[in-house]
Amino acid sequence: DAGVTQSPTHLIKTRGQQVTLRCSPKSGHDTVSWYQQALGQGPQFIFQYYEEEERQRGNFPDRFSGHQFPNYSSELNVNALLLGDSALYLCASSFGRGIGYTFGSGTRLTVV
Amino acid sequence: GIQVEQSPPDLILQEGANSTLRCNFSDSVNNLQWFHQNPWGQLINLFYIPSGTKQNGRLSATTVATERYSLLYISSSQTTDSGVYFCAVERGRDDKIIFGKGTRLHILP
């Protein structure tokens, strides 16, 4: 039974560019949450998707957007990248509302 | 919003030693979790423990919800226990998870 799969594992982008990160949830899970983890910090909640809609959002600007597909997979898009967007981006899936969180290994984004 | 504070921020121990990690939170919570993040970034859930005590092998956790703190105990530490330990809380059943800044644990051989 595959866990949460994220792609790519590493990514280098230039300031001002746009990036798309992808997440496939654990089998049987229908909810996907995204977190940003800066170096030396705990993960910060970006948003959560359930039934293809954004259900909750953390304190992140509109440059951060997402999508959930009918197969429950999800994308995180970041526009107009800033140096400060460099971080590990973690995806977590769960069944229903926060039950049984499982995290992926993350995508490490470096903005230069 | 709710604040989650973890202590100590860093801990260096010799293999075989025991350790206690603490998590304080500023408001009542619906759930509390302890995670271990390995050097490759993978977050592994150790315990769901909104109250009471649980044990899993060399690890155990206790949450005293009325006093708003939780403790994670690691006994007979091994080098594979190294990494960052996070405490994370949920205010309500549908709420997002809020993480502390973590405790970085180094176990020396």
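Protein sequences appear in the order of chains A and B. As numbered in the numbering used here, residues 2 to 113 make up the first sequence, in order. As numbered in the numbering used here, residues -2 to 106 make up the second sequence, in order. Cβ atoms here follow ideal geometry from the backbone N, Cα and C, with glycine treated the same way.
For this session: Answer with yes or no whether the minimum CB distance from Gln69/A to chain B is below 9 Å.
Result: no
Are there 16 or more other CB atoms within 10 angstroms of the CB of Ile94/B, so buried, or fewer, so exposed? buried
* To do: Could you have a look at Thr76/B and say whether DSSP puts it in helix, strand or coil?
  => helix
**Message:** By alpha-carbon positions, which one of Asn80/A, Leu12/A and Glu52/A ends up nearest to Phe61/A?
**Reply:** Asn80/A
Output yes if chain B places a C-beta closer than 9 Å to the C-beta of Ala81/A; else output no. no
Next on the checklist: For chain A, check one thing: does any of its Cβ atoms lie closer than 9 Å to the Cβ of Ala85/B?
Outcome noted: yes
Quiz item: Does DSSP put Thr63/B in a helix, in a strand, or in coil?
Solution: helix
message: Within 10 Å of its beta-carbon, does Ile104/B have 16 or more other beta-carbons around it, so buried, or fewer, so exposed?
response: buried
query = Roughly how many angstroms lie between the CA atoms of Tyr45/B and Gln19/A, to the nearest whole one?
reply = 37 Å
Original post:
What does Ile94/B reach in chain A if we use C-beta pairs closer than 9 Å?
Top reply: Ser34, Tyr36, Pro44, Phe46, Ala93, Gly99 and Tyr102
* the region 39 to 70 of chain B: positions lying closer than 7 Å to chain A by Cβ -> Gln39, Leu40 and Asn42
- Task: Within its chain, find whatever has a CB closer than 6 Å to the CB of Thr32/A; leave out the 5 residues flanking it on each side and keep chain order.
- Result: Tyr51 and Ser95
key: Close-in-space but distant-in-sequence residues of the same chain around Phe96/B (CB under 6 Å, 5 per side omitted)   = Phe83 and Ala85
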